[in-house]
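Take a look at the structure set out below.
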Amino acid sequence: MYGIAGMKKIIVIGLLTAAFVVLYYLGGVFYAGSEFLLLPVMLLVLLAAVAGPITLLLSSYKFFKGQRLGNLLIWTNGLAIGAYVGYFATKPILKWDTDQRDTSGQIISKRLEDYKVANGHYPADLADLDEASLNEVLPAAYQVNRFSYFLNDKDYHLDIPIPITDRWHWDKSEKIWKYQ
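The working numbering numbers the first residue of the sequence shown as 570 and each following residue consecutively.
Following this line, the structure appears as structure tokens:
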């Protein structure tokens, strides 16, 4: 394709790819495990992003020489540009998610410590903390049912499970989540 038609196609593919990358990250925030369903497509986008600098240089060279851009080159450029835009657009999303996760950890850990002060021991389950009132103050993405809680030697462990084998673990001394 020559000039404008090829550029339109690159822009459309780029916008669709950027939207996909953003939705990929948002899906993982609200629906844990959904990112694994989209992982094969995301790997293709990542591959295009890695190949992007070379294909973009080749395309600009061909464009200025007046040569026809092949369909594969157009698709790769669109995917690469979309991946770059999408990754930059996810920065505020990931910061927001980190803030929400930290806020929820601080709220739950404070409630657990208050419960221990009042009763002399940590609760056996998070449901003992009045789940309804706790859900009102927790961020929407991190309600009580998203956490994994268990007692061990009169101490508690608070986690946010990530499907397959990963998790975020609440570090009580530093008051932050650590990826494990």
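Ideal placement from N, C-alpha and C gives every residue a C-beta, glycine not left out.
Contacts around residue i, its chain only, beta-carbon distance under 6 angstroms, and the 5 residues preceding and following it disregarded
i: G621; result: A649
i: D728; result: S717, R736 and H738
i: G647; result: I579, I582 and G583
Alpha helix (DSSP H) segment containing residue i, residue limits
i: F633; result: L608 to K634
i: L703; result: E700 to V706
Secondary structure of residue i, DSSP reduced to three states
i: M570; result: Low confidence applies to M570: its pLDDT is 49, below 50, so where it sits in the model is not reliable, and the reading given next is rough at best. The answer is coil: DSSP assigns M570 none of H, G, I, E or B.
i: S717; result: strand
i: P692; result: coil
i: K747; result: strand
i: F600; result: For the record, residue 600 in the displayed sequence is Tyr; it is not Phe. If DSSP states are grouped into helix, strand and coil, Y600 belongs with coil.
i: Y711; result: coil
Same chain only: Cβ atoms within 7 angstroms of residue i, ignoring 5 sequence neighbours per side
i: K741; result: S678
i: Y593; result: E604, L607 and M611
i: T672; result: P708
i: L625; result: N646 and A649
Range of the contiguous beta strand (DSSP E) that encloses residue i
i: R795; result: Only positions 570 to 749 of the chain appear in this structure, which leaves residue 795 out of reach.
i: D724; result: D724 to I731
Candidates the options: closest to residue i by CA position
i: V519; options: N714, I579 and A618; result: With the chain covering only 570 through 749, there is no way to say anything about residue 519.
i: L616; options: T659, R637 and T586; result: T586
Cutoff 8 angstroms; reference residue i; Cβ partners in own chain excluding five residues on either side
i: R680; result: L698 and L703
i: Y684; result: Y691, P692, D697 and L698
i: G596; result: S603, E604 and L607
i: L642; result: T624, L627, S628 and K631
Test: residue i CB closer than 7 angstroms to a CB of chain C
i: R736; result: Among the protein chains of the structure shown there is no chain C, as only one such chain exists.
>> Could you tell me which whole alpha helix (DSSP H) segments of length 4 or greater appear in the stretch 628 to 688?
In response: 640 to 688
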